[in-house]
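In the numbering used here, the protein residues as written are 1 to 487.
We put the beta carbon where it would ideally sit given N, CA and C, even for glycine.
Computed from a predicted structure; not experimentally measured.
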Amino acid sequence: MLRFECAGGPRLLAIACFDPTPSVAFVSALPLEEAPGFGRVLRDHLVGARVLEISSRRHDRVLRLRMGTRSRFGVARYHDLVLELIPRFGNALLLGEDGRIVSALQSFDATTNARRSVLEGFPYEAPPIDERFRIPRLIARAYGGDGERVVEEIETSIERLADLYVYRDRAGRLLQAHLVPLPVPDAVESREASFLALCAEMQSAAGGGDAAPAVALRREQLIARIGKRLAADERDAAQIRARLDEIAERDALRASGEAIYARLHEYPENERQALKEEASKDFARYRALGERALRLAPALARLQERIEGARSLQWEASRVEPELLAEVGRAFESTFEGRRNRGAAGKPKTPKRLPPRELRVRPGIRILIGRSPEQNADLTFHIARPDDRWFHAKGVPGAHVILQCDREIDEGDAALRLAADCAALYSKGGSSAQVDVEVTRRKHVRKQRGGAPGLVFYTNARALIGVPDRARAELEAIEDALRTPSS
Numbered sequence: 001m002l003r004f005e006c007a008g009g010p011r012l013l014a015i016a017c018f019d020p021t022p023s024v025a026f027v028s029a030l031p032l033e034e035a036p037g038f039g040r041v042l043r044d045h046l047v048g049a050r051v052l053e054i055s056s057r058r059h060d061r062v063l064r065l066r067m068g069t070r071s072r073f074g075v076a077r078y079h080d081l082v083l084e085l086i087p088r089f090g091n092a093l094l095l096g097e098d099g100r101i102v103s104a105l106q107s108f109d110a111t112t113n114a115r116r117s118v119l120e121g122f123p124y125e126a127p128p129i130d131e132r133f134r135i136p137r138l139i140a141r142a143y144g145g146d147g148e149r150v151v152e153e154i155e156t157s158i159e160r161l162a163d164l165y166v167y168r169d170r171a172g173r174l175l176q177a178h179l180v181p182l183p184v185p186d187a188v189e190s191r192e193a194s195f196l197a198l199c200a201e202m203q204s205a206a207g208g209g210d211a212a213p214a215v216a217l218r219r220e221q222l223i224a225r226i227g228k229r230l231a232a233d234e235r236d237a238a239q240i241r242a243r244l245d246e247i248a249e250r251d252a253l254r255a256s257g258e259a260i261y262a263r264l265h266e267y268p269e270n271e272r273q274a275l276k277e278e279a280s281k282d283f284a285r286y287r288a289l290g291e292r293a294l295r296l297a298p299a300l301a302r303l304q305e306r307i308e309g310a311r312s313l314q315w316e317a318s319r320v321e322p323e324l325l326a327e328v329g330r331a332f333e334s335t336f337e338g339r340r341n342r343g344a345a346g347k348p349k350t351p352k353r354l355p356p357r358e359l360r361v362r363p364g365i366r367i368l369i370g371r372s373p374e375q376n377a378d379l380t381f382h383i384a385r386p387d388d389r390w391f392h393a394k395g396v397p398g399a400h401v402i403l404q405c406d407r408e409i410d411e412g413d414a415a416l417r418l419a420a421d422c423a424a425l426y427s428k429g430g431s432s433a434q435v436d437v438e439v440t441r442r443k444h445v446r447k448q449r450g451g452a453p454g455l456v457f458y459t460n461a462r463a464l465i466g467v468p469d470r471a472r473a474e475l476e477a478i479e480d481a482l483r484t485p486s487s
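So this is what it looks like as structure tokens:
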């Protein structure tokens, strides 16, 4: 959320980069909570800035807001806020005057994303355009043989900044707005120039437009809450590591005490008592540090588990469907804040859950994919059978994927490859070209005691390579087949 001071009063710009349909919209005043990390960087660099220019990449969903300020000496400075509103690959980045990345909501390098890297301090490189989703190509495909003409008219309208073709129902409610005239049944057509005015009209319509921004706000607030907890645990872990590094030098104390006793006979009798006391202090310090290490090492291990859980929940919060967002919030509260979701009678309340994603490969073989942390746990420990195969992306947060087969299949069966591809696609590495995936039998998977829902230990795993694009193409083909009516 960004707050702008406008002529008509303050307005909030809600940016939802990680929704299924990423969007940017002005919303009504809502309570704001400063988010650590990226939000704090924006505050430090953009407070007092003015919007100088807004541009977009042609045929793509990448917006660039040039924000400028002047120093007390009149020297102009600017930063670019880049919003990548791309489904499944959204991001927000702050760039400096030299085009280098100052901060980003999501950072990754070439080892996790073969297409590009997003790292602070490096030059910004826009995401590659996927030819399948170029806007002219989508329009042309939608209009068939007449598509090229429609695309040409739209591009000409954009260049002329022509008025929009606006369609309302008989009661005057806004239905659609287009750059070219389109047949809209039972609608009243008009020509209007201001797209922003139409957005405001849509937002203020009854039942209209605050749902998506409200979901985006809840999502961002939950991500910020988890990030705050994560930052605190990471600070504590860093302090423990620093203490353990100091303790690692305790061997020097023992060596010092032993050296004193080894050479004690070389000193005069009247000096030996003082040397013995010095050696005793070294040995006492050595033992005390050893006892401290015995306490700190388990504490660090527990913190590492909490950090892993928080990172997993933060990723889940960024990717789950809106109706599952509250479920992630409950998982965070129960794991990190000791709160339980209870009903009026004090018994644990079990809200209605969506079923897992299900992909029927062929008769007797199906793939089940968890949608959320609680569903991952439920899928693995209540739905899966002991000998079902269990898949998960290696070393990164991701969905639990279960391959259920009514009869045993060979290890080279294509269903295993597809399940591994699905585990790669529904993981934090889903935008990469390849993802390391591990598979084991469900009976070798155990819950992490006290961990966030869906966090597990597993053994007897073997490695596979998952290809997200391959799973994506397979799922799109299945959806197209379901949409096509059978003869």
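Return helix, strand or coil for residue i, following the three-state DSSP convention.
i	result
C422	helix
Q540	Outside the shown range of the chain, which is 1 to 487, sits residue 540, and nothing can be said about it.
R235	helix
F18	coil
G257	helix
G343	With a pLDDT of 46 at G343, under the threshold of 50, the modelled position of that residue is not reliable, and no figure is offered here.
K447	strand
P185	coil
P298	helix
S487	Because the pLDDT at S487 is just 46, under 50, the model does not fix this residue reliably, and the value given afterwards should be weighed accordingly. S487: coil per DSSP, three-state reduction.
H265	helix
P322	helix
E305	helix
Closest to residue i by C-alpha separation, out of the options, would be which residue?
i	options	result
A399	D387, C405, G430 and G412	G430
L222	R311, R472 and V456	R311
H392	P22, V401 and A384	V401
Q434	V467, K447 and V82	V467
D19	L464, F89 and R11	F89
P87	L119, A16 and A259	A16
R407	G370, E374, F381 and G364	G364
E278	I240, G257 and A238	G257
S427	R306, I369 and E476	I369
V328	K394, A420, G68 and R219	R219
P562	G121, F122, E120 and R115	Because the chain is modelled from 1 through 487, residue 562 falls outside the range shown and cannot be assessed.
V82	D109, G48 and P123	P123
I247	Y261, I260, E291 and A301	E291
F283	A126, Y261, L300 and R241	Y261
D436	D245, R295 and A419	A419
L85	D98, E97 and A126	A126
R250	A288, L475 and G39	A288
Please check the pair residue i and residue j, which I expect to be a contact at CB under 8 Å, by giving their CB distance rounded to whole angstroms.
i	j	result
D80	L95	4 Å
E438	A463	6 Å
R385	R446	The Cβ separation is near 16 Å, so there is no contact.
F26	R3	About 11 Å separates the two Cβ atoms, so there is no contact after all.
Q314	L230	7 Å
How big is the Cα-Cα spacing for residue i and residue j?
i	j	result
P322	A92	20 Å
D44	S432	32 Å
T111	P185	51 Å
D233	R319	23 Å
A274	L264	11 Å
L65	S55	7 Å
L217	V102	24 Å
L325	A293	40 Å
S372	V51	38 Å
A424	S334	28 Å
K276	L253	14 Å
V188	Q176	10 Å
C405	A238	45 Å
D410	Q448	31 Å
E374	A331	7 Å
R72	A224	Only weak support exists for where R72 lies, its pLDDT of 46 falling under 50; the value from the coordinates is given anyway. Their backbone Cα atoms lie some 33 Å apart in a straight line.
G209	L105	Note that G209 scores a pLDDT of 42, beneath 50, so its modelled location is shaky; the value from the coordinates is reported in the next line. Cα-Cα distance, rounded: 25 Å.
E308	Y458	15 Å
G48	T69	7 Å
A206	G450	Summary for A206: the model assigns pLDDT 40, below 50, so the residue's position carries little reliability, and this model does not support an answer.
V215	R191	32 Å
D378	A415	22 Å
A14	V24	6 Å
R173	R149	30 Å
Between residue i and chain C, is the shortest Cβ-Cβ distance under 8 Å, so that the two count as touching?
i	result
P123	Going by chain labels, chain C is absent from the structure shown, which holds only one protein chain.
Residue i: beta carbon under 7 Å from a heavy atom of the ligand HEM?
i	result
P397	Summarising the ligand content, the structure contains no ligands, and the ligand HEM is consequently not present.
_Continuous beta strand (DSSP E) assignments of at least 3 residues falling wholly in the region 90 to 122_ = Fully enclosed beta strand (DSSP E) runs of 3 or longer: 91 to 95 and 101 to 104.
*At what residue ranges does the region 345 to 391 contain a whole run of the beta strand (DSSP E), taking only runs of 3 or more?*
Secondary structure remark: continuous beta strand (DSSP E) runs of at least 3 residues inside the region 345 to 391, in chain order: 357 to 362 and 365 to 369.
*beta strand (DSSP E) runs wholly inside the region 452 to 482, at least 3 long, in chain order*: Look at the region 452 to 482 and you find these whole runs of beta strand (DSSP E), each 3 residues long or longer: 456 to 458 and 462 to 466.
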